[in-house]
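*Asks:* In short: position in the sequence shown from 1, add 260, done, that's my numbering.
Every residue gets a Cβ at the ideal spot worked out from N, C-alpha and C, and that includes glycine.
Got a structure for you, questions after.
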Amino acid sequence: MSDCIFCKIANGEMGTEFVYEDETAVVFKDLNPKADIHWLVVPKTHVQDLNECSDELIGKLMAVVKKVTKENNVNSFRTVINTGKDAGQEVFHLHIHILSGHVNKSL
Ligand code: 5GP
Ligand code: ZN
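Right, here's the structure in full:
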């Protein structure tokens, strides 16, 4: 989607440094980190939220969570998916938060 910031980031249009990239997803640092480590796992295709996401894609994204944490020796972490405005979703392109270290529990 042309006006979606996470589409632009995932397409490489913003010059964002990726912690991880494969054919399905990119992982990059959150702009306003709520923990020592705060990464976002973002699919390369535009999917609004978890309700719009196929079971196959969410499976692949969770596999990326496991891979990127393992590769970076992040053994203890929290994952968050905000779905819908009332739940605190601000960017309407599906993303999985990965938080580790000192985590602000209010996220
Ligand atoms: P949500 O509230 O939708 O679950 O989370 C959106 C997250 O995206 C927030 O934690 C926010 O800091 C992050 N974010 C929003 N815009 C950008 C951006 O342009 N770059 C990066 N790296 N993170 C962003
Ligand atoms: Zn998008």
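Determine the extent of the beta strand (DSSP E) in which Leu310 is found, giving its start and end residues.
*Replies:* It is not in any beta strand (DSSP E) - Leu310 carries neither H nor E in the DSSP assignment.
*Asks:* DSSP on Ala323, reduced to helix/strand/coil?
*Replies:* If DSSP states are grouped into helix, strand and coil, Ala323 belongs with the helices.
*Asks:* DSSP state of Ala285, grouped into three classes?
*Replies:* Reduced to three states, the DSSP call for Ala285 is strand.
*Asks:* Is Lys326 near the ligand 5GP, judged by its Cβ being under 7 Å from some heavy atom?
*Replies:* No.
*Asks:* Apply the 10 Å Cβ neighbour rule to Ala347 and answer buried if 16 or more other Cβ atoms are within range, or exposed otherwise.
*Replies:* Exposed, because fewer than 16 other Cβ atoms sit within 10 Å of the Cβ of Ala347.
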